[in-house]
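Structure first, then comments.
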Amino acid sequence: MAPMIRAASLRGFAPLVVDLGGDPEEFLRRFGIPPGVLESDDGLIPITEHDRMLDAVAAELRCPDLGLRLAASQDLTILGPLALAIEASSTVAEAVECASRYLFVHSPALSVGVDVDPRGARGVVALTYRKDLHESPYSPQATELGLGLFHHAAERMLGGLTGLRSVEIPHEPLSPVDRYTQFFGADVRFGAPVGALRVERAVLDAQFDGADEVIRALALDHLARHYPEPTTRMAVQVRRALVQGLGVVSPSLEHVARLHSIHPRTLQRRLAAESTTFEQVLDDVRRDAARRYLTTTALPLTQVAALVGFGEQSTLSHAVRRWFGMNPRELRAQSSQR
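Numbering (UniProt numbering), first residue to last: 1 to 338.
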């Protein structure tokens, strides 16, 4: 199954598109997102289609700062039950650790964390925001939305984000640079290796006024009981191994079993206990990869076939017709019309 993101990520999307002179329902339909899914924050949307739609809206409605505008209209509550645990944390370090552990509840393709400073400054760390590009293509607008919300939430929880050295954005500016500096209130650097807020290390120890250990414990207990960490599921581990090795090594049951130091039959039994099979997981990974390559790149079909682990282009064509009801060229043409 393709990685999803909670519909809460599009909170404020419809009124913003209307203000820009667009039709939000037309954009949703064009990218295969049922308009009704936005009625509940807990609705799920394929993250690739979510991100591609944001990029398309920004381009077509001539709104290069779309992601930043959306971020300004949102707050931490878009993270649902995770927001409560973060808000009740005692320090920035504790809040980031909590978000790092449970951000998969919002989307398994996204992650946050604390890294060493990419620019090597003493006493500075990077609060990073990443998307797994093995699972879904890079999106400039979605990246700006994520970084903008990350900054917005930290600023509100701390009553101002002092100690912010710079904001690191992986792509080149989409808007005039002063739009970014105005939004973040700090230096913004582009073409960075990873999206991040570079802050003084002391920021990690900053205390939150709303800290409440009892509420935090209850929130974490709720998350642990209702949202088991995906790394504990065998199907997720197999999917991750297949995604990382697709087009590089043979996607065989035996190879994946060796990676996990278990017997192939044991792997099969664990997958069966999760109501799936190795073949089903592999088929899902190939389908998602094929769709990504066909709809977001102009790679030759022979190369796409190799990248998804097929020896022949004809095998890719048969699989794409089974998955999507059309041949690869038709799928690519349909995507280019969006």
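A virtual CB, placed ideally from N, CA and C, is assigned to each residue, including glycine.
For this session: Measure the Cβ-Cβ separation of H255 and V249 and say whether it is below 8 Å.
Result: On the sequence shown, position 255 is the one that residue 255 refers to. On the sequence shown, position 249 is the one that residue 249 refers to. Closer than 8 Å, so yes.
For this session: Compare the beta carbon distance of A71 and G148 with 8 Å and say whether it is the shorter of the two.
Result: Along the sequence shown, read from residue 1 onward, the residue named residue 71 stands at position 71. Along the sequence shown, read from residue 1 onward, the residue named residue 148 stands at position 148. Taking a C-beta distance under 8 Å as the contact criterion, A71 and G148 qualify as a contact pair.
Exercise. Just curious, the alpha helix (DSSP H) that R270 is in, first and last residue?
Worked result: Here residue 270 corresponds to residue number 270 of the sequence shown, with the count starting at 1. R270 -> alpha helix (DSSP H) spans 264-273.
Exercise. Once you ignore the five residues that flank D187 on each side, which residues in its own chain have a CB closer than 6 Å to its CB?
Worked result: In the sequence shown, residue 187 corresponds to position 187, counting from 1. Within the same chain, D187 has close Cβ partners S166.
For this session: Under the assumption that D117 contacts I78 (Cβ atoms under 8 Å), give the Cβ distance between them as a whole number of angstroms.
Result: Within the sequence shown, residue 117 is the residue found at index 117, counting from 1. Within the sequence shown, residue 78 is the residue found at index 78, counting from 1. That belief does not hold up - the Cβ atoms of D117 and I78 are roughly 28 Å apart, past 8 Å.
For this session: Please report how far the alpha carbon of L307 lies from the alpha carbon of R233, in whole angstroms.
Result: On the sequence shown, position 307 is the one that residue 307 refers to. On the sequence shown, position 233 is the one that residue 233 refers to. Near 26 Å, if we compare the C-alpha coordinates of R233 and L307.
For this session: Pick helix, strand or coil for Y138, following the three-state DSSP scheme.
Result: Working through the sequence shown from its first residue, we reach residue 138 at position 138. Coil at Y138, not helix or strand.
For this session: Closer than 6 Å by C-beta to T302: which residues in its own chain qualify, once you throw out the five before and the five after it? Chain order, please.
Result: As a first step, residue 302 is located in the sequence shown; it is residue number 302 there, counting from the start. Within the same chain, Cβ atoms closer than 6 Å to the Cβ of T302 are found at Q313, the five residues on either side in sequence being excluded.
Problem set entry | Neighbour-count burial assignment, H251, 16 or more Cβ in a 10 Å radius | Taking the first residue of the sequence shown as 1, we reach residue 251 at position 251. Looking at the sequence shown, residue 251 is not His but Pro. Buried, because 16 or more other Cβ atoms sit within 10 Å of the Cβ of P251.
Problem set entry | Cβ distance (whole Å) where F150 is taken to contact Y129 below 8 Å | For the purposes of this step, residue 150 is taken as residue 150 along the sequence shown, with counting starting at 1. For the purposes of this step, residue 129 is taken as residue 129 along the sequence shown, with counting starting at 1. Confirmed, Cβ separation roughly 5 Å.
Exercise. In whole angstroms, what separates the C-alpha of P35 from that of Y227?
Worked result: Translated into the one-based positions of the sequence shown, residue 35 becomes position 35. Translated into the one-based positions of the sequence shown, residue 227 becomes position 227. Going from the Cα of P35 to the Cα of Y227 covers about 26 Å.
Exercise. CB-CB under 8 Å to D209, same chain, minus the five flanking residues each way: which ones, in chain order?
Worked result: Taking the first residue of the sequence shown as 1, we reach residue 209 at position 209. Listed in chain order, the non-local C-beta contacts of D209 below 8 Å within the same chain comprise G159, local neighbours out to five positions each way being set aside.
For this session: List the endpoints of the continuous alpha helix (DSSP H) containing A95.
Result: By one-based count along the sequence shown, residue 95 stands at place 95. Going by DSSP, A95 is part of the alpha helix (DSSP H) stretching over 92-102.
Exercise. Skipping 5 residues on each side, what residues in its chain have a beta carbon closer than 8 Å to that of L331?
Worked result: Translated into positions along the sequence shown, residue 331 becomes position 331. These residues qualify, in order along the chain: R291, L294, T295, V320, F324.
Exercise. Shortest alpha-carbon distance to D283 belongs to which of S261, L253, R269?
Worked result: Position 283 of the sequence shown, counting from 1, holds the residue named residue 283. When only C-alpha atoms are compared, the closest one is L253.
Exercise. Who are the Cβ neighbours of L76 in its own chain at under 7 Å, not counting the five residues just before and after it?
Worked result: The sequence position of residue 76 within the sequence shown is 76, counting from 1. Short of 7 Å from the beta carbon of L76, and not among the five residues preceding or following it, lie these beta carbons of its own chain, in chain order: A83, I86, E87, A153.
Exercise. If you draw a straight line from the alpha carbon of G123 to that of Q237, how long is it in whole angstroms?
Worked result: Translated into the one-based positions of the sequence shown, residue 123 becomes position 123. Translated into the one-based positions of the sequence shown, residue 237 becomes position 237. Rounded to whole angstroms, G123 to Q237 spans 36 Å at the Cα level.
For this session: Indicate the three-state DSSP secondary structure (helix, strand or coil) for residue 343 in the structure shown.
Result: Residue numbering for the chain in the displayed model covers 1 to 338; residue 343 lies beyond these limits and cannot be assessed.
For this session: May I have the straight-line CA-CA distance separating D205 from S9, to the nearest angstrom?
Result: Taking the first residue of the sequence shown as 1, we reach residue 205 at position 205. Taking the first residue of the sequence shown as 1, we reach residue 9 at position 9. In this structure, the CA atom of D205 is about 28 Å from the CA atom of S9.
Exercise. Which value, in whole angstroms, describes the spacing of the CA atoms of V17 and A272?
Worked result: Numbered from its first residue, the sequence shown carries residue 17 at position 17. Numbered from its first residue, the sequence shown carries residue 272 at position 272. Their backbone Cα atoms lie some 44 Å apart in a straight line.
For this session: Please classify A202: is it buried, with 16 or more other beta-carbons within 10 angstroms of its beta-carbon, or exposed?
Result: In the sequence shown, residue 202 corresponds to position 202, counting from 1. Result: exposed.
Exercise. Would you say V112 and S100 are within 8 Å of each other, going by their C-beta atoms?
Worked result: Against the sequence shown, residue 112 aligns to sequence position 112. Against the sequence shown, residue 100 aligns to sequence position 100. Yes; because the gap between Cβ atoms is below 8 Å, this pair is in contact.
Problem set entry | F31 (DSSP reduced to helix, strand or coil) | Your numbering for residue 31 matches position 31 in the sequence shown. Reduced to three states, the DSSP call for F31 is coil.
Exercise. In terms of residues, what are the limits of the beta strand (DSSP E) holding L127?
Worked result: Position 127 of the sequence shown, counting from 1, holds the residue named residue 127. Here the beta strand (DSSP E) through L127 covers 124-131.
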